[in-house]
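Numbering (our numbering), first residue to last: 646 to 884.
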Amino acid sequence: MQKNKVRRLLEAGTPAFGTFNWLTGPECIEILGAAGFDFVVIDMEHGPHGQDNLPAMLRAADASGIVPIVRVTQNEPTLILRALDLGAKGLHIPQVNTAAEAKSLVQSARYWPLGERGFAPGTRAARFGALTTEEYITQANQDPLLIVHIENKHGVENLDEILRVAGIDVVFIGPADLSQSLGIPGRLSHPKVCELIEITILKAKQAGLPVGIFATDTKDAARWIQAGVNYVALGADSM
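Here is the structure:
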């Protein structure tokens, strides 16, 4: 089994670069792969994607050598299962504000003994039955990245407990929602926002977890890489 490229980069301490995908054509994914991005976040929360076009987007990513990661609309078992069954190599889970929510993600995304994800051996992720049960469960429990969004002041307040949940792979900071939770929406460079970002980076690094962030431009990305971020989502393909 070939390990997820982004997982390999993060384990080596090398920054991984990607972007959010809000445009619906599969060729948009192919272009991002050709441009050299390591990953693409197919956005089902703020983007127009649905269950009907997601398979084509995932196939385009696989064909283009870019790691497809799906942001689901919410931390809900069926949504998580469907994205993984279709072949997502990782999940972005919005608004994870408590340890219980982080545990729910792991339970929904992993098979026994790590979780309670519903088992279907004939899915695209299982190569339509070409993988043995053992091969598929091993791959499904080890390869896809589970990425929790810390994008609310309550998530930062509960971060110590969240970081103790086994099975989280990346802590991802959403500055825009974070600013809104502080009552200063859109002021991403405000000292209060930056303080919570810095606290999140420090605590995640102390826990041994990679840290991601949404960066508005290359200057923003460089700033947070310097601070310890190594999973960078640079804007979106429609911006």
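C-beta: ideal position from N, C-alpha, C; glycine also. Owing to the predicted nature of the structure, the values given are computational and were not obtained by experimental measurement.
Taking a 10 Å sphere around the C-beta of MET689, we find 16 or more other C-beta atoms and assign the residue as buried. DSSP places VAL874 outside any alpha helix (DSSP H), giving it a letter other than H or E.
One alpha carbon belongs to VAL810, the other to VAL651, and they sit about 21 Å apart. Contact between LEU879 and ALA867 does not hold, since the beta-carbon distance rounds to 11 Å and is not under 8 Å. For ASN797, same chain residues with a beta-carbon under 8 Å away, outside a window of 5 residues either side, are GLN740, ASN742, ASP822, LEU823, SER826 in chain order. By alpha-carbon distance to ARG755, the top candidate from ASP697, LYS850, ARG727, GLU843 is ARG727. LEU804 has its alpha-carbon roughly 18 Å from the corresponding atom of PHE859. Cβ-Cβ distances below 7 Å link GLU746 to ASN720 in the same chain, with the five nearest sequence neighbours on each side left out; the list follows chain order. Measuring C-alpha to C-alpha distances from ASN875 to each of ALA657, LYS648, MET884 identifies ALA657 as the nearest.
About 6 Å separates the beta carbons of PRO713 and VAL685, which is inside the 8 Å limit, making them a contact pair. In this structure, the beta-carbon distance from GLY760 to SER709 does not fall below 7 Å. Residue pairing from DSSP places VAL793 in a beta bridge opposite ILE738, VAL816.
In the three-state DSSP reduction, LEU879 falls in the strand class (E or B).
By the beta-carbon neighbour count (other beta carbons within 10 angstroms, threshold 16), LYS734 is buried. If you draw a straight line from the Cα of ALA881 to the Cα of VAL838, it is about 21 Å long. Taking C-beta atoms as the reference points, ALA744 and GLU802 fail to come closer than 7 Å. Counting along the chain, no alpha helix (DSSP H) covers PRO693, and no H or E run does either. With 16 or more other CB atoms across the displayed protein chains lying within 10 angstroms of its CB, SER753 is buried. In the DSSP assignment, GLY857 falls within the beta strand (DSSP E) that extends over 856-860. In this model, ALA765 and GLU780 are separated by some 13 Å (Cα to Cα). For VAL751, same chain residues with a beta-carbon under 6 Å away, outside a window of 5 residues either side, are GLY760, GLY812 in chain order. Following the DSSP letters along the chain, one finds ILE807 inside the alpha helix (DSSP H) bounded by residues 804-808.
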